[in-house]
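Visitor: From first to last, the protein sequence lines stand for chains Z and B. Letter by letter, the first sequence follows residues 0 to 268 of numbering that gives the first Met the number 0. Letter by letter, the second sequence follows residues 0 to 291 of numbering that gives the first Met the number 0. The structure that follows is given in the form of structure tokens.
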Amino acid sequence: MIHEKTTPAIELINVSRRFLSPTGKSLTALRDFTMTVERGEFVAVVGPTGCGKSTTLNLVTGLASPSAGEVRVMGAPVTGIDPRIGFVFQSDALFPWRTVIENVMAGPLFRGRAKSDATAAARDWLARVGLSRFEQHYPHQLSGGMRKRVALAQTFINGPEILLMDEPFSALDVQTRVLMHEELLRLWSEAKASVVFVTHDLEEAIALADKVYVLTAGPATVKSIYTIDLPRPRVVADIRYEQSFIDYSRTIWADLKEEVETSYARAAA
Amino acid sequence: MTDAAMDISAGAFRPGTSDAEIEAAAAKAVTHRRRTVMFWRIAILVAFLALWEIAARLAWIDPFFYAMPSAIAVRLYEWTTEGTSEGPLWYHLYVTMEESVIGFVTGSVAGIIIGVALGRNRMAADIFSIYIKVINSIPRVVLAPIFIMILGLGLASKVALAFVMVFFVVFHNAFQGVREADRAMIANARILGASNWQLTRSVIVPSAMSWIFASLHVSFGFAIIGAIVGEFVGSRYGIGLLINIAKGSFDAAGMYAAIVIVMVVALGAEYLMTMVEDRLAKWRPQPLHETQ
Ligand SMILES: Nc1ncnc2c1ncn2[C@@H]1O[C@H](COP(=O)(O)OP(=O)(O)OP(=O)(O)O)[C@@H](O)[C@H]1O
Ligand SMILES: [Mg+2]
Chain Z
0 MIHEKTTPAI ELINVSRRFL SPTGKSLTAL RDFTMTVERG EFVAVVGPTG CGKSTTLNLV
60 TGLASPSAGE VRVMGAPVTG IDPRIGFVFQ SDALFPWRTV IENVMAGPLF RGRAKSDATA
120 AARDWLARVG LSRFEQHYPH QLSGGMRKRV ALAQTFINGP EILLMDEPFS ALDVQTRVLM
180 HEELLRLWSE AKASVVFVTH DLEEAIALAD KVYVLTAGPA TVKSIYTIDL PRPRVVADIR
240 YEQSFIDYSR TIWADLKEEV ETSYARAAA
Chain B
0 MTDAAMDISA GAFRPGTSDA EIEAAAAKAV THRRRTVMFW RIAILVAFLA LWEIAARLAW
60 IDPFFYAMPS AIAVRLYEWT TEGTSEGPLW YHLYVTMEES VIGFVTGSVA GIIIGVALGR
120 NRMAADIFSI YIKVINSIPR VVLAPIFIMI LGLGLASKVA LAFVMVFFVV FHNAFQGVRE
180 ADRAMIANAR ILGASNWQLT RSVIVPSAMS WIFASLHVSF GFAIIGAIVG EFVGSRYGIG
240 LLINIAKGSF DAAGMYAAIV IVMVVALGAE YLMTMVEDRL AKWRPQPLHE TQ
């Protein structure tokens with residue numbers, strides 16, 4: 000028992016992932032990738048576009064399996080889709096033919112909870128993300144920020160112990176984004192989940208995370224890991240003006256920039 | 000009330016115009032537009048019928064072949080009040096509708112089920128696609144004599160023909176709809192906890208629904224074609240039989256009258272289908288050009 004409590008939430012051990020292109024050529028997206036996420040830890044992952052960040056998350060969900068190496072979740076190897084995992088997608092993944100509340104209820108209903116029970120839970124979550132008045136709206140009747148909040152409620156209602164987020168807020172404007180950051184940090188501190196947060200935005204990564212992973216240009220390997228020692232609870236809107244935040248930004252950006260440049264040089268060649 | 004209507008009238012407002020006035024003007028513009036559309040629709044129909052009537056009466060076209068609207072109206076009146084030479088019109092209509100509806104329902108249900116099943120199963124799709132292509136390449140109407148030979152002059156042969164007319168259209172769209180289902184949405188459902196069956200039922204089928212409906216719109220018309228062609232080739236009752244008899248006695252008005260009946264029925268069915276679809280698809284955003 001004691002051993003189980005102390006195993007990390009997510010371990011990727013020397014993982015590689017290859018894709019076969021339509022022409023039959025093999026492409027390596029991840030090579031010798033090693034990463035550990037402790038329980039309750041908030042990890043942000045940054046790296047140049049196309050390096051293999053989404054691929055990494057897919058391996059953890061069990062939607063895809065590694066070509067080599069091992070992926071472990073809560074100390075056990077991943078064999079399929081794990082019910083303890085929640086995933087917030089980069090693109091809009093709500094069901095457009097369901098109302099807001101039906102979207103939020105989807106998870107509990109899929110998992111066999113009673114309808115009345117699911118409705119009550121969904122109401123509760125809609126209240127928490129501030130969308131009670133929009134229960135009966137359809138997704139196309141909401142703004143982008145509201146849809147994202149529905150997506151958060153839809154994921155959080157399942158009470159995930161591990162939360163994977165793939166550039167969840169990249170389509171939002173700056174103000175809404177800051178609100179969503181506050182919201183996410185609040186939900187995270189209540190739920191005590193382990194989070195892997197993929198982003199292009201270095202400041203977002205530093206403001207939110209305990210640790211920032213910088214990946215190399217594809218095939219992705221871990222280039223460096225930074226521990227962010229900013230006190231919690233954090234006020235995302237203000238933290239970016241603190242000296243230590245600025246120092247972190249400068250150091251990590253210098254590191255990331257090299258990889259971004261390599262990536263662009265390669266794409267142009 | 001729509002953006003388009005507002006845009007047209009917006010230029011005319013001075014500052015200080017109240018919301019109520021803007022709304023009233025917009026509502027007026029919408030009504031006006033609707034009336035104009037209706038006026039032209041009716042005007043074109045009347046002009047067409049009048050031209051036909053005059054052309055036939057002045058012998059620009061031979062009424063023996065082309066009949067004329069008044070003669071068709073008279074024939075329709077006779078059929079509805081006195082019945083046809085083959086018995087009451089309603090019975091013929093009933094028989095044709097029965098064949099079309101059974102063929103339509105069975106054909107679309109089979110098309111949806113098999114389309115979704117093959118859409119979800121790559122292997123099966125690869126294996127069966129070649130056979131479906133082969134069968135699909137047969138012009139459906141040549142099957143009529145075969146079905147009548149095998150299944151007889153009654154209901155079964157017409158239903159079979161209506162079925163094959165409908166099946167392939169619906170199958171094709173259901174299959175395509177399943178294939179186009181959004182990857183992220185599927186992944187989302189699976190992570191939220193959907194089993195394979197839940198995924199099919201509450202994600203794949205709903206997202207294929209607009210494709211399926213597009214095919215249902217045309218396929219009731221196809222079912223009627225199937226039934227009528229079947230009746231045409233061999234039957235004892237039905238609108239197709241009426242057309243066949245009218246042809247045999249060189250009764251042009253009778254043929255056109257039967258066509259009018261089919262047109263009315265097909266339009267009615269299309270209208271019903273649109274109503275059902277609107278009801279099911281209230282989640283979809285309004286298309287930009289729609290004014291209501
Ligand atoms: N299904 C697939 N088949 C073939 N190649 C793939 C597939 N999925 C991803 N790849 C390739 O793997 C590499 C990594 O893709 P991935 O989506 O993980 O990048 P990413 O880091 O998430 O990029 P971005 O930041 O732009 O989202 C890319 O070069 C991509 O072309
Ligand atoms: Mg990605």
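Beta carbons are placed, not taken as given, at the ideal position from N, Cα and C, and that holds for glycine. Nothing here was measured: the structure is a model prediction, and the numbers come from that model.
I want to check one thing, is the minimum distance from the CB of T48 (chain Z) to the heavy atoms of ligand 1 below 7 Å?
Guide: For ligand 1, at least one heavy atom lies less than 7 Å from the Cβ of T48 (chain Z).
Visitor: Would you say A28 (chain Z) touches ligand 1, meaning its beta carbon is less than 7 Å from a heavy atom?
Guide: Yes, the beta carbon of A28 (chain Z) sits closer than 7 Å to at least one heavy atom of ligand 1.
Visitor: Note down, in chain order, every chain B residue with its Cβ under 7 Å from the Cβ of F88 (chain Z).
Guide: In chain order: A183 and N187.
Visitor: Per DSSP, what are the beta-bridge partners of A75 (chain Z) in this structure?
Guide: Per DSSP, Z:V72.
Visitor: Any beta carbon of chain B sitting closer than 8 Å to that of L56 (chain Z)?
Guide: So, not an interface residue.
Visitor: Terminal residues of the continuous beta strand (DSSP E) containing D165 (chain Z)?
Guide: Taken as a continuous stretch (DSSP letters only), the beta strand (DSSP E) holding D165 (chain Z) covers I161 to D165.
Visitor: Does the structure place the region 32-48 of chain Z close enough to the region 213-220 of chain Z that three or more beta carbon pairs sit under 8 Å?
Guide: At 8 Å Cβ cutoff, the stretches touch.
Visitor: Is there contact between the region 209-217 of chain B and the region 65-72 of chain B, where contact requires at least three CB pairs shorter than 8 Å?
Guide: Taking 8 Å as the limit for Cβ pairs, the verdict is that the region 65-72 of chain B does not touch the region 209-217 of chain B.
Visitor: Along the alpha helix (DSSP H) that carries D123 (chain Z), what are the first and last residues, could you check?
Guide: Per DSSP, D123 (chain Z) belongs to the alpha helix (DSSP H) from K114 to R127.
Visitor: Can you pull the chain B residues whose beta carbon is under 8 Å from the beta carbon of G158 (chain Z), in chain order?
Guide: None at all; the shortest Cβ gap to chain B is about 12 Å.
Visitor: Measure the C-alpha to C-alpha separation of K52 (chain Z) and A219 (chain Z) and round it to an integer number of angstroms.
Guide: Each residue's Cα considered, the two are about 8 Å apart.
Visitor: Which residue's Cα is closest to the Cα of E269 (chain B): B:V217, B:M184, B:F38 and B:E77?
Guide: Answer by Cα proximity: B:V217.
Visitor: Apart from the five residues on each side of it in sequence, which residues of its chain come closer than 8 Å, Cβ to Cβ, to A192 (chain Z)?
Guide: Closer than 8 Å at the Cβ level, and outside the excluded window around A192 (chain Z), lie G39, G85, P159, E160, I161 and L162.
Visitor: Would you check if the distance between the CB atom of E188 (chain Z) and the CB atom of P232 (chain Z) is smaller than 8 Å?
Guide: A quick correction: the sequence has Ser, not Glu, at residue 188 (chain Z). Yes; because the gap between Cβ atoms is below 8 Å, this pair is in contact.
Visitor: Pull the bridge partners of R17 (chain Z) from the DSSP assignment, please.
Guide: Beta-bridge pairing links R17 (chain Z) to Z:T27.
Visitor: Among B:R32, B:R56, B:I224 and B:A183, which has the Cα closest to the Cα of F162 (chain B)?
Guide: Cα-wise, what sits closest to F162 (chain B) is B:I224.
Visitor: Can you check whether the C-beta of G192 (chain B) is within less than 8 Å of a C-beta belonging to chain Z?
Guide: Closer than 8 Å: yes.
Visitor: Is A219 (chain Z) helix, strand or coil when you go by DSSP?
Guide: If DSSP states are grouped into helix, strand and coil, A219 (chain Z) belongs with the strands.
Visitor: CB-CB under 6 Å to N135 (chain B), same chain, minus the five flanking residues each way: which ones, in chain order?
Guide: F167, listed in sequence order.
Visitor: Enumerate in chain order the residues of its own chain whose CB-to-CB distance from R249 (chain Z) is below 8 Å, with the five nearest sequence positions on each side excluded.
Guide: Excluding residues within five positions, none has a Cβ falling inside 8 Å.
Visitor: Could you check whether G118 (chain B) and R178 (chain B) sit closer than 8 Å to each other, using their CB atoms as the reference points?
Guide: Contact: yes.
Visitor: Can you name, in chain order, every residue of its own chain whose Cβ lies under 7 Å from the Cβ of F174 (chain B), other than the five neighbours on each side?
Guide: Cβ neighbours of F174 (chain B) beyond the five flanking positions: G114, L117 and G118.
Visitor: Where do the N-terminal and C-terminal ends of the beta strand (DSSP E) with Y212 (chain Z) fall, by residue?
Guide: Segment K210 to L214, the beta strand (DSSP E) holding Y212 (chain Z).
Visitor: Which of helix, strand or coil does DSSP assign to Y32 (chain Z)?
Guide: Residue identity check: residue 32 (chain Z) is Phe in the sequence provided, not Tyr. The answer is strand: DSSP assigns F32 (chain Z) an E or B state.
Visitor: Helix or strand or just coil, what does DSSP make of F168 (chain Z)?
Guide: In this structure, F168 (chain Z) counts as coil in the three-state DSSP scheme.
Visitor: List the residues of chain Z whose Cβ lies closer than 7 Å to the Cβ of P284 (chain B), in chain order.
Guide: Residues of chain Z passing the Cβ test: H139.
Visitor: Looking at chain Z, which residues of the region 196-212 of chain B have a Cβ within less than 7 Å of any of its Cβ atoms?
Guide: Correct list: Q197, V202 and P205.
Visitor: Going along chain A, which residues have a C-beta under 7 Å from T60 (chain Z)?
Guide: Absent from the structure: chain A. Protein chains present are Z and B.
Visitor: So, G253 (chain B) versus V165 (chain B), is the Cβ gap smaller than 8 Å?
Guide: Going by C-beta atoms, G253 (chain B) is not nearer than 8 Å to V165 (chain B).
Visitor: Per DSSP, which one or two residues make a beta bridge with S193 (chain Z)?
Guide: In the DSSP output, where bridge partners are listed per residue, S193 (chain Z) has Z:I161.
Visitor: Please give the ranges of any alpha helix (DSSP H) in the region 46-80 of chain B, keeping only runs that are unbroken, at least 4 residues long and fully inside the region.
Guide: DSSP runs (the alpha helix (DSSP H)) wholly in the region 46-80 of chain B: 62-65.
Visitor: Please say whether V87 (chain Z) and T154 (chain Z) have beta carbons closer to each other than 8 Å?
Guide: In contact: T154 (chain Z) and V87 (chain Z) (Cβ atoms closer than 8 Å).
Visitor: Please state whether the Cβ-Cβ distance between L92 (chain B) and I238 (chain B) is less than 8 Å.
Guide: Their beta carbons are under 8 Å apart, which means L92 (chain B) touches I238 (chain B) by this criterion.
Visitor: Determine the burial state of I227 (chain Z): buried for a count of at least 16 other Cβ atoms within 10 Å of its Cβ, exposed for fewer.
Guide: By the 10 Å Cβ count, I227 (chain Z) comes out buried.
Visitor: Would you say K157 (chain B) and G229 (chain B) are within 8 Å of each other, going by their C-beta atoms?
Guide: Yes, the Cβ-Cβ distance between K157 (chain B) and G229 (chain B) is below 8 Å.
Visitor: Using the C-alpha atoms, what's the distance from G247 (chain B) back to A24 (chain B)?
Guide: A24 (chain B) and G247 (chain B): Cα-Cα distance of roughly 59 Å.
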